[in-house]
Structure formats: structure tokens, C-alpha cells
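>
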Amino acid sequence: TKKAVKITAKKKTFKAKAKNKKYTITLKANGKAVKKVKVTLKVKGKTYKATTTSKGKATFNLKKLTRKGKYTAVIKFKGTSLYKAATKKVKITVKK
């Protein structure tokens, strides 16, 4: 049986002029980190990819997000032979 996966992600606010807009999420199954799996984050029609670390953290660099506004980002994990797929929606705000 595949294990259920939990995506932990918080809403985040960036400044439009910031060069590095790093956004980090955590992927866990039964309280343990899910290592070296691919995760995608889709916001405003663009898809960003990241791979989880040994601690289950994946960091996305949202460089192309420069227009101010409120966005809904969708984080997706497609699942593997060991883990079920998971999706989570979060709010990302870009300020002046």
C-alpha cells in the first residue's frame, strides 16, 4: 500500500523588486521526510520544479513572479511507487 503524503506550505509575501523569491515547502509521510522526489509549483501559468532534500524540503525560486498582486499557487507531488500523489493550494502575494 502507498503511504499518504502531507505537503506543508504557508502563505507568503514577496516584494516585487526582490531578486530571489525563494519559497520552501515540506513533504512528509507518516511524520517522516520524503527524500529526493520531484515537486512542482504552478503559479500564474508558469511551472517551477524542485526536488526534496533529505529533510523533505523543496525550495522554488519564483524569479518570474514580478507583477504585484495576489496569486493562488498549486503545489503538486505526482506520487511514486511508495507514496500517493498530493496537491495543495497556497496564497502568494507580491507587493510593491
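Residue 260 in the working numbering sits at position 42 of the sequence shown, and the numbers go up by one each step.
Yeah, the Cβ is synthetic: ideal placement off N, Cα and C, and Gly gets one too.
The model shown is predicted, which means the values in this text are computed figures rather than measured ones.
#1: Could you spell out the range, first to last residue, of the beta strand (DSSP E) harbouring K260?
#2: Does the beta-carbon of T270 have 16 or more other beta-carbons within 10 angstroms, so that it is buried, or is it exposed?
#3: What residues match up with K240 in a beta bridge as DSSP calls it?
#4: When you compare only the Cα positions, how much space is there between F278 and T242?
#5: Rounded C-beta distance between K286 and K306? I'm assuming under 8 Å.
#6: Compute the beta-carbon to beta-carbon distance between K309 and K288, rounded to the nearest angstrom, for a pair I have assumed lies under 8 Å.
#7: Sorted by chain position, which residues of the same chain lie with C-beta nearer than 6 Å to K240's C-beta, five sequence neighbours on each side aside?
#8: Starting from the Cα of K246, find the closest Cα among T311, S299, I293, T226 and give me that residue.
#9: Which residue from A251, K273, A304, K233 puts its Cα closest to that of K281?
This is what the structure gives:
#1: 256-261
#2: buried
#3: According to DSSP, which records beta bridges pairwise, K240 is partnered with N279.
#4: 6 Å
#5: Actually they do not touch by this definition, with Cβ atoms about 24 Å apart.
#6: 6 Å
#7: T277, N279
#8: Nearest option by C-alpha distance: T226.
#9: Measuring C-alpha to C-alpha distances from K281 to each of A251, K273, A304, K233 identifies K233 as the nearest.
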